[in-house]
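Participant: Each residue of the sequence shown is one higher than the last, beginning at 2 in our numbering.
The structure is given below, and queries will be raised subsequently.
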Amino acid sequence: MEKLDEVFIMLILAIGMGVIVFILAKYNYLIKKAMIEKGLISNQLTNQKLKYLDVGCIIIGLGFGFIVSSIYTEMNLSEDTTDLLAWGTIAIFGGVSVILAHFLRKKSEK
2 MEKLDEVFIM
12 LILAIGMGVI
22 VFILAKYNYL
32 IKKAMIEKGL
42 ISNQLTNQKL
52 KYLDVGCIII
62 GLGFGFIVSS
72 IYTEMNLSED
82 TTDLLAWGTI
92 AIFGGVSVIL
102 AHFLRKKSEK
């Protein structure tokens, strides 16, 4: 019975995340559609090659953060210290990747 509760919780979380992604995608679509109709942006996207640059940099940065934070689990530290160092490392690598994506986008737009 305990495992069944965990399955239901994970199922509810997965469905909730799916609904949130759907709502955000639909909202983004409606905003872009309204902006195109009002002539604020053109219908063609000029920077197709930079479409996934930000997402890619963030995923790579978080991946490096997870890799480096896994080192802390092998050290003989208390659980609280290990958790703090792991999440801090992931956050730092994620932040650095966002800054890197910003500079790469600026450089390629010139």
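Glycine is no exception: its CB is placed at the ideal position from the N, C-alpha and C atoms.
1. Could you tell me if Ser-71 is buried or exposed, where buried requires 16 or more neighbouring beta carbons within 10 angstroms of its beta carbon?
2. Could you check if Ala-35 is buried or exposed, using at least 16 other CB atoms within 10 Å of its CB as the buried criterion?
3. Less than 8 angstroms between the CB atoms is what I'm expecting for Thr-74 and Thr-83, so what's the real figure, rounded?
4. When DSSP labels each residue in this structure, what does Thr-90 get in the three-state scheme?
5. Could you tell me the distance, in whole angstroms, from the CA atom of Ile-37 to the CA atom of Asp-6?
6. Check the C-beta distance from Ser-109 over to Ile-59 and give it rounded, since I have them as a contact under 8 angstroms.
7. Is Ile-61 helix, strand or coil when you go by DSSP?
8. Assuming the contact rule is C-beta atoms closer than 8 angstroms, Val-69 and Phe-94 should be a hit. Round their C-beta distance to whole Å, please.
9. Quick one: what does DSSP say Met-76 is sitting in, helix, strand or coil?
10. So the alpha helix (DSSP H) Tyr-28 belongs to, where does it begin and stop?
Facilitator: In this structure, then:
1. exposed
2. exposed
3. 6 angstroms
4. helix
5. 47 angstroms
6. Contact doesn't hold; Cβ gap of about 17 angstroms is too wide.
7. helix
8. 7 angstroms
9. coil
10. 3-38
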